[in-house]
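Protein chains in written order, with the working numbering: chain A, 9 to 129; chain B, 26 to 192.
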């Protein structure tokens, strides 16, 4: 086992937690940028639609954030469970540093995804 | 919750939720800041027992569970208020063309969500605080979450100031 990994993290829960955290962030950014919500919520009418639905006429804005979270949580849970089922030898090789490097790497991607807002008007 | 609206106005209801959200965020900010200080600059042996030494001398592992619970609860309150924000606050800010304010708030929403997903590994790293192999990851993940929390707090504060009192 390398110095960058810990025996504690090689436990099934430790592996699940690490892979869940990494995948949740990555999937969330993918769902945001590719417009892939599990459902769309229309707050003015409290209406829920499956998948991506554009705002309905005279029914206010549509919200996709909850749907992105649901998709990311589902995908990250599946990947986390699969990783936890791997043999201990492989689980112990996952670099712990990815837990904090992932959000740092995702930050410029998120800032870029919001480029619509960074304008001088 | 409708029965509450027999006693208080809709605006008061959402304002109470917003204030509770902010107060819980202050508690989370304090806990994470203490914890981040304890891992970034632990007190030296024999250091004078002043304010700064006490500030960073906390036992970080004792804060981990509270940080997880507070982050989750603050997030739930934020997600609840977000529905109101979307069509009572955001639209007004759009009409005023304060796009950078909106962008800063969108970034807050994204970062706090990513932080939420990192809570299980954060908790696990602190649960194994005696495992030296986890020290570096625990330290930097705590710092990352503290930075996200500070950013979220300030962005939320700015939006609250732009919109003014009463949602």
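Where is the CB? At the ideal position from N, CA and C, for every residue including glycine.
Residue i vs residue j beta-carbon contact at 7 angstroms
i	j	result
residue 162 of chain B	residue 94 of chain A	no
residue 67 of chain A	residue 43 of chain A	no
residue 117 of chain A	residue 27 of chain A	no
residue 22 of chain A	residue 114 of chain A	no
residue 57 of chain B	residue 154 of chain B	no
residue 122 of chain A	residue 31 of chain A	no
residue 62 of chain A	residue 112 of chain B	no
residue 82 of chain B	residue 133 of chain B	no
residue 212 of chain B	residue 84 of chain B	This structure does not reach residue 212 of chain B, given that chain B is present from 26 up to 192, and the question cannot be answered.
residue 125 of chain A	residue 124 of chain B	yes
residue 58 of chain A	residue 49 of chain A	no
residue 93 of chain B	residue 144 of chain B	yes
Neighbouring residues, chain A, relative to residue i (Cβ below 7 angstroms)
i	result
residue 90 of chain B	What residue 90 of chain B touches in chain A: nothing, since even the nearest Cβ is about 14 angstroms away.
residue 184 of chain B	Near residue 184 of chain B there are no residues of chain A at all, since even the closest Cβ is about 13 angstroms away, more than 7 angstroms.
residue 162 of chain B	104, 105, 107 and 108
9 angstroms Cβ cut-off: residues of chain B touching residue i
i	result
residue 72 of chain A	None at all; the shortest Cβ gap to chain B is about 11 angstroms.
residue 69 of chain A	111, 112, 115 and 116
residue 21 of chain A	145 and 149
residue 118 of chain A	131, 132, 135, 136 and 139
residue 29 of chain A	139, 142, 143, 144, 145, 146, 147 and 166
Neighbour list for residue i in chain B, Cβ cutoff strictly below 8 angstroms
i	result
residue 60 of chain A	The contacting residues do not exist; residue 60 of chain A stays about 16 angstroms from chain B at best.
residue 47 of chain A	Within chain B, no residue comes near residue 47 of chain A; the closest Cβ sits about 14 angstroms away, beyond 8 angstroms.
residue 40 of chain A	135
residue 33 of chain A	139, 142 and 143
residue 25 of chain A	145, 146, 148 and 149
Assumed close pair residue i, residue j - CB separation to whole angstroms, cut-off 8 angstroms
i	j	result
residue 106 of chain B	residue 175 of chain B	With 8 angstroms as the limit, residue 106 of chain B and residue 175 of chain B do not qualify as a contact, their Cβ atoms being about 20 angstroms apart.
residue 107 of chain A	residue 29 of chain A	6 angstroms
residue 129 of chain B	residue 91 of chain B	Not confirmed; about 27 angstroms, so no contact.
residue 84 of chain A	residue 35 of chain A	6 angstroms
residue 126 of chain B	residue 184 of chain B	6 angstroms
residue 149 of chain B	residue 25 of chain A	5 angstroms
residue 187 of chain B	residue 116 of chain B	No, residue 187 of chain B and residue 116 of chain B are not in contact; Cβ-Cβ is about 13 angstroms, not under 8 angstroms.
residue 4 of chain B	residue 96 of chain B	Given that chain B is displayed from residue 26 to residue 192, the structure contains no residue 4 of chain B and the question cannot be resolved.
Partner residues on chain B for residue i, Cβ-Cβ distance less than 7 angstroms
i	result
residue 4 of chain A	Summary: the structure shown does not reach residue 4 of chain A, with chain A confined to residues 9 through 129, and so no result is reported for it.
residue 77 of chain A	138
residue 52 of chain A	112
residue 84 of chain A	142
residue 122 of chain A	128, 131 and 132
Residue i Cβ short of 6 angstroms to the ligand NAD heavy atom set
i	result
residue 83 of chain A	With respect to small molecules bound, the structure shown includes none, and the ligand NAD cannot be examined in it.
Neighbour list for residue i in chain A, Cβ cutoff strictly below 8 angstroms
i	result
residue 174 of chain B	The contacting residues do not exist; residue 174 of chain B stays about 12 angstroms from chain A at best.
residue 127 of chain B	125
residue 73 of chain B	By Cβ distance, chain A contributes nothing, its closest Cβ being about 32 angstroms from residue 73 of chain B, past 8 angstroms.
residue 169 of chain B	108, 111 and 112
Chain A contact residues for residue i, given Cβ-Cβ distances below 9 angstroms
i	result
residue 165 of chain B	105, 107, 108, 109 and 112
Segment contact, 8 angstroms Cβ cut-off, at least three pairs: the segment 59-76 of chain B with the segment 160-177 of chain B: Yes, the segment 59-76 of chain B touches the segment 160-177 of chain B.
Against chain A: residues of the segment 106-125 of chain B by CB proximity under 8 angstroms: Answer in chain order: 107, 108, 109, 111, 112, 115, 116, 122, 124 and 125.
Residues, ordered as in the chain, of the segment 131-143 of chain B that lie near chain A by beta-carbon distance below 9 angstroms: Listed by position, the residues of the segment 131-143 of chain B near chain A (Cβ gap below 9 angstroms) are 131, 132, 134, 135, 136, 138, 139, 140, 141, 142 and 143.
Segment contact, 8 angstroms Cβ cut-off, at least three pairs: the segment 36-51 of chain B with the segment 93-104 of chain B: Three or more beta-carbon pairs separated by less than 8 angstroms link the segment 36-51 of chain B to the segment 93-104 of chain B, which places the two stretches in contact.
The segment 74-87 of chain B / the segment 137-148 of chain B touching (three or more Cβ pairs under 8 angstroms): Touching, no, given that fewer than three Cβ pairs across the two stretches are closer than 8 angstroms.
The segment 67-85 of chain A touching the segment 107-114 of chain B, judged by at least three CB pairs closer than 8 angstroms: With the rule of 3 Cβ pairs closer than 8 angstroms, the segment 67-85 of chain A counts as touching the segment 107-114 of chain B.
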